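Everything in the sequence shown is counted per the working numbering, starting at 33 for the first residue and increasing by one.
Ideal placement from N, C-alpha and C gives every residue a C-beta, glycine not left out.
Please read these numbers as outputs of a predicted model, since none were measured by experiment.
Here is the structure we will look at, set down as structure tokens.
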Amino acid sequence: MFSTAFLDIPALQGASGTVTLPGSKSISNRVLLLSALCQGTTVVHDLLDSDDTRVMLAALRQLGCGVDAEGTTVTITGLGGRAWPAEAIEFFMGNAGTAMRPLTAALAVQGGDFTLKGVPRMHERPIGDLVDALRELGCTIDYLGNEGYPPLRVGQPQLQLDKPIPVRGDVSSQFLTALLMALPLAAQERAITIEVVGELISKPYIEITLNLLARYGIAVERQGWERFVIPAGSRYQSPGSIHVEADASSASYFIALGAMAEGQGIRIQGVGADSIQGDIRFMDAAAQMGAHITSGPNWLEIRRGAWPLKGITLDCNHIPDAAMTLAVMALYADGPTTLRNIASWRVKETDRIAAMAAESRKLGATVEEGPDWITIHPLPAGHWRRASIHTYDDHRVAMCFSLAAFNADQVPVRIEDPKCVAKTFPDYFEALFSVAHTASPHIPVICIDGPTASGKGTLASRVAAQLGYHYLDSGALYRVTAHAALQAGLTLEAVDEAAIAKLARRLPVRFEGEQVLLDNVDVTDAIRSEQGGMNASKVSVLPTVREALIDLQHSFQRLPGLLADGRDMGTVIFPNAPLKVFLTASAAQRAERRHKQLILKGFSANIDNLRADLEARDARDMSRSVAPLLPAQDALQLDNSSLTIEASVEQVMVWWQSRQVFGA
Ligand code: DC
33 MFSTAFLDIP
43 ALQGASGTVT
53 LPGSKSISNR
63 VLLLSALCQG
73 TTVVHDLLDS
83 DDTRVMLAAL
93 RQLGCGVDAE
103 GTTVTITGLG
113 GRAWPAEAIE
123 FFMGNAGTAM
133 RPLTAALAVQ
143 GGDFTLKGVP
153 RMHERPIGDL
163 VDALRELGCT
173 IDYLGNEGYP
183 PLRVGQPQLQ
193 LDKPIPVRGD
203 VSSQFLTALL
213 MALPLAAQER
223 AITIEVVGEL
233 ISKPYIEITL
243 NLLARYGIAV
253 ERQGWERFVI
263 PAGSRYQSPG
273 SIHVEADASS
283 ASYFIALGAM
293 AEGQGIRIQG
303 VGADSIQGDI
313 RFMDAAAQMG
323 AHITSGPNWL
333 EIRRGAWPLK
343 GITLDCNHIP
353 DAAMTLAVMA
363 LYADGPTTLR
373 NIASWRVKET
383 DRIAAMAAES
393 RKLGATVEEG
403 PDWITIHPLP
413 AGHWRRASIH
423 TYDDHRVAMC
433 FSLAAFNADQ
443 VPVRIEDPKC
453 VAKTFPDYFE
463 ALFSVAHTAS
473 PHIPVICIDG
483 PTASGKGTLA
493 SRVAAQLGYH
503 YLDSGALYRV
513 TAHAALQAGL
523 TLEAVDEAAI
533 AKLARRLPVR
543 FEGEQVLLDN
553 VDVTDAIRSE
563 QGGMNASKVS
573 VLPTVREALI
583 DLQHSFQRLP
593 GLLADGRDMG
603 TVIFPNAPLK
613 VFLTASAAQR
623 AERRHKQLIL
633 KGFSANIDNL
643 RADLEARDAR
653 DMSRSVAPLL
663 PAQDALQLDN
673 SSLTIEASVE
683 QVMVWWQSRQ
693 VFGA
């Protein structure tokens, strides 16, 4: 997951390959609650691991459910037939509507002393219609803040089940879903009828609910979309085990990608055209815009069809979440696209109509909006602007606008707060970068070099972490090469140059966090020793060895960008890097830092000797004929003698930001 303040997505040119998507949020949270209400255990496979499901799991644990998680398989031991907690419990629901609504209903029907709270945005998301319905039923619910909104307090009910329970269906279908899942708890003696008031929106989500209720032994009788009857004697029964389909809304970004990007096409694993999720119908809308889609059991394949895409006018009531993706596809169309009947966008994680309009305009688009519709005009070549996309703590805004990186003007896009995707798809950007491609000049490289012990490794890896970029420690490659050569019984001298180069060309090296693995063996400590450094220095003067490592070093230039540290990064390996930094800490300072490091590691050391060593090594490094230590001509010099690491990082970030200007 990218936990950086922002993520700069380079201009993207194509996409191909396979993505396996995480489980559906809607199915995951329903399945968790239903499993909790059963007697006995249910094994849930392919559960989504996200903020929303974590909120639900935490709440279920608080209620006393058994929760045993192993990767994406979670075993739930339900509360059915057991006593619910009598003590007061406070639940924190974050911004998870799919946890808040059904849990409120289940708690209110069951009764207890419960408080439900969330993040500030949750306290702005309406719940009054659900509370009204539950009160009608005899539940005790109080508002602790504003009337009609969380936080809520739930007490003991006096259920009155003799008359139909009215619930509004035109604000959020989650209210009806919540009642449908809670009421079987009270339907042992008699049938319970729910009556929908107003036109029911987002019907496909109700279909998911009914479908899953059936899997858990509750056969709801549906009379049109107005009346739902839960039969007398209903009782939750665990299906034993259940698989969660991949999220069809998450699939929308990759369907769009396949429709927009040049390449062999995209294959999506985990969900197919026969999905029980309403958002799968996004594929019809995408096809209308030009996508070429085929499907089989649990998979979809998408290729570019019509290009540019075709502008459409569509009632999106049946695909409210996925429809946001159409708004971004519309930028690549041949005419305007109007999405209608999307009033529910205004009460989601953020006001999504306002958000999509504002951020599309930043890119340069013309957008019109009304209370329940939005029209997006295509953005032709020559009109795209570099924009910093605000994401409003809304995962879908972030994922949608990543697709703006395919723009005709080849400008990058900045996504603010990229970690907000964690709500449903924590590794979204990793998945995107695994299939998207672009020409290497678009993938930024920042080079950092400097003399031994100048702190370039620390600086480079910290800047990489702030930008979410990859990190290449080129010195480690020479260290590993030397290590491998010695292991193979070679000397580190010119006589064995060809043999060492051969080894280097196929070096089976892997970096995992701080660890360096050679042929799956951890060699981190061995290569990081002083001796390891000397050995590296020896092989690094052999020209064919340097030559042999070039391809490997280039292979680190991957989306979204790279921090490369080492001798010839800015001069030989990445000569076109847009930012090169050369550190120039004094020998005295470096000796002091090295001294501290060694003492910390438990070695004895003498500062004066260290300084003499460093000065000798500097002289040797600068005067050597092969890859001498010299700043690239266009490198910016940074004397970090009296700077903290944070201040050095800050300086490099300031330089970088001044070259990467995005309109806010
Ligand atoms: O940065 P370091 O101490 O891990 O580097 C080990 C040796 O490899 C050092 O002598 C410099 C040399 N080196 C090189 O010649 N070219 C590079 N790109 C990186 C390191």
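Look at the beta carbons and you see the region 479 to 488 touching the region 620 to 637: at least three pairs across the two are nearer than 8 Å. Three or more beta-carbon pairs separated by less than 8 Å are not found between the region 650 to 664 and the region 672 to 688, which leaves the two stretches without contact. Distances taken from the Cβ of Arg417 to the heavy atoms of ligand 1 include none shorter than 7 Å. Nearest to Gly187 by C-alpha distance, out of Val141, Leu162, Leu211, is Val141.
Shown here for Val151: same chain residues with a beta carbon closer than 7 Å to its own, the five before and five after excluded, namely Gly126, Asn127 in chain order. Considering only Lys570, Gly598, Arg93, Trp331, the residue with the shortest C-alpha distance to Arg652 is Lys570. At a Cβ-Cβ threshold of 8 Å, Asp366 and Lys342 count as neighbours. In the DSSP assignment, Trp688 falls within the unbroken alpha helix (DSSP H) covering 677 to 691.
With a cutoff of 8 Å on beta-carbon distance, Asp353 and Asp311 are scored as near each other.
If you check the C-beta of Met292 against ligand 1, you find no heavy atom less than 7 Å away.
Non-local C-beta neighbours of Trp377 in its own chain, meaning closer than 6 Å and more than five positions away in sequence, comprise Arg384, Ile385, ordered along the chain. Here DSSP, grouped into helix, strand and coil, assigns Tyr503 to strand.
Short of 7 Å from the beta carbon of Trp331, and not among the five residues preceding or following it, lie these beta carbons of its own chain, in chain order: Arg299, Ile300, Gln301, Gly304.
Secondary structure note for Ala596: its beta strand (DSSP E) is the uninterrupted segment 594 to 597.
Exposure of Phe635 is indicated by the presence of fewer than 16 other C-beta atoms within 10 angstroms of its C-beta. Taking a C-beta distance under 8 Å as the contact criterion, Ile41 and Ile447 qualify as a contact pair. Beta-bridge pairing by DSSP links Val553 to Leu550.
Within the region 59 to 121, the runs of alpha helix (DSSP H) at least 4 residues long that lie entirely inside it are, in chain order, 83 to 95. If you compare the alpha carbons of Ile108, Glu102, Thr52 with that of Gly72, the shortest gap goes to Ile108.
Assigned with DSSP and collapsed to three states, Ile421 falls in strand.
Per the coordinates, the alpha-carbon of Phe614 lies some 5 Å from the alpha-carbon of Asp481.
Counting only residues of its own chain and dropping the five nearest sequence neighbours on each side, Val512 has a CB closer than 8 Å to the CB of Leu539, Val541, Val548, Leu550, Val555, Ile559.
For Gly49, the enclosing beta strand (DSSP E) covers residues 46 to 52. Inter-residue distance for Leu79 and Tyr460 is about 16 Å (C-alpha atoms, whole angstroms). Taking every protein chain shown into account, the CB of Ser657 has fewer than 16 other CB atoms within 10 angstroms, so this residue is exposed.
Around the Cβ of Glu525, a 10 Å sphere holds fewer than 16 other Cβ atoms; the residue is exposed. Beta-bridge analysis with DSSP links Trp331 to Gln301, Gly328.
Just measuring C-alpha positions, the residue of Pro117, Ala131, Thr50 sitting nearest Lys455 is Ala131. Pairwise C-beta distances place the region 588 to 598 in contact with the region 488 to 506, as three or more of them are shorter than 8 Å. When distances are taken from the beta-carbon of Thr104 to the heavy atoms of ligand 1, even the shortest one reaches 7 Å or more.
Proximity of the region 266 to 284 to the region 59 to 66 meets the contact definition, three or more beta-carbon pairs being nearer than 8 Å.
Runs of alpha helix (DSSP H) with 4 or more residues, each lying fully within the region 364 to 400, are found at 384 to 395, listed in chain order. Taking the C-beta atoms as reference points, Tyr237 is found no nearer than 8 Å to Ile250. As far as DSSP is concerned, Asp583 takes part in no beta bridge.
The bridge partners DSSP lists for Gln669 are Phe614.
In this structure Glu119 is exposed. Its beta-carbon is surrounded by fewer than 16 other beta-carbon atoms within 10 angstroms.
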